[in-house]
Amino acid sequence: STSQGGIARRVEAAGGCVKVLDLFSGIGGFSLGLERAGMHTVAFCEIDPFCRRVLAKHWPGVTIYEDIRALDGRTVAADVICGGFPCQPFSTAGKQRGKDDHRHLWPEMRRVIAEVRPTWVIGENVTGIIRMELDTVLSDLEALGYACRTFIVPAAAVDAPHIRARVWVLARDTNENSKSVSTINAKASWVSGDMANANSEQMGRIAKSWQECNQWRVEPDMGRVANGVPRRVDRLRALGNAVVPQIPEMIGRAIMEAA
């Protein structure tokens, strides 16, 4: 299969004009999907040293900021900001302390969005955010002048061997002359469980489009209980925190079509 670095180099060589700032980047799942949709990552922001090494390997030469709290968005030009801001404050696997959790970093992501003013924002988090923080996230984006839509898309929707339902937030700057965010709803309805909103002709077209672009593995072939794998703990943690790239790819293709 083609490496992430190869994708980044081809997009850059092609003069990709849709620039992405990837926050809370992990091992680059967001950028891998968005670059397969034709976008180009101009910078990452990731605090974990192991993940930064992975990003530097596959995206050589791309700036990697280490801490979003020190990132000045006024120094970055981007059309899209994406990020799965930390889920620990909202996850049912934790104490769900919300704003009282020191890992509550949505306010920092909001600040960077306000400073950069991208046309599009893509956010991702666990479903626990719905009752704890989603209203705040949407209100913050709307106060900045973005129109928002939300979807619940599980990893299983793109044939990953687990459910892993996640909330996806898509926002567009209402000052930009582009098609409505509702364009994305038609593209995502078939995987968000809201299939009643799409007729059979739309479903057929979307499914055919997905089949054409989905010619790569959903999950890496790495056993969860493998012994003797170098940096196994770091790799498993990084995989566990990563998004399934096919979902941002689908969103990215819809953005490219709607832009």
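Each step along the sequence shown adds one to the number in our numbering, with nothing skipped, and position 43 is 30. We put the CB at the ideal spot given by N, CA and C, even for glycine.
query: Which of helix, strand or coil DSSP assigns to T49; result: Thr is not the amino acid found at residue 49; the sequence shown has Val there. Here V49 sits in coil by DSSP.
query: CA-to-CA distance, G25 to E111, given in whole angstroms; result: 20 Å
query: Length-filtered (3 minimum) beta strand (DSSP E) runs lying within the segment 119 to 157; result: 133 to 141
query: Separation of A245 from Y133, as counted between CA atoms; result: 16 Å
query: Per DSSP, the bridge partner or partners of E111; result: W155
query: Where I117 sits in the DSSP three-state scheme; result: helix
query: Boundaries (first-last residue) of the alpha helix (DSSP H) holding V103; result: 93 to 103
query: Own chain, CB closer than 7 Å to A152, minus 5 neighbours either side, in chain order; result: T114, I139, P141
query: Where C4 sits in the DSSP three-state scheme; result: coil
query: Beta-carbon gap between I100 and L128 smaller than 9 Å; result: yes
query: CB contact flag (L121, I238, <9 Å); result: no
query: Assigned exposure category for A57 - 16 Cβ within 10 Å defines buried; result: exposed
query: Residue burial classification, C38 (beta-carbon count within 10 angstroms, cutoff 16); result: buried
query: Beta-carbon gap between I14 and L42 smaller than 9 Å; result: yes
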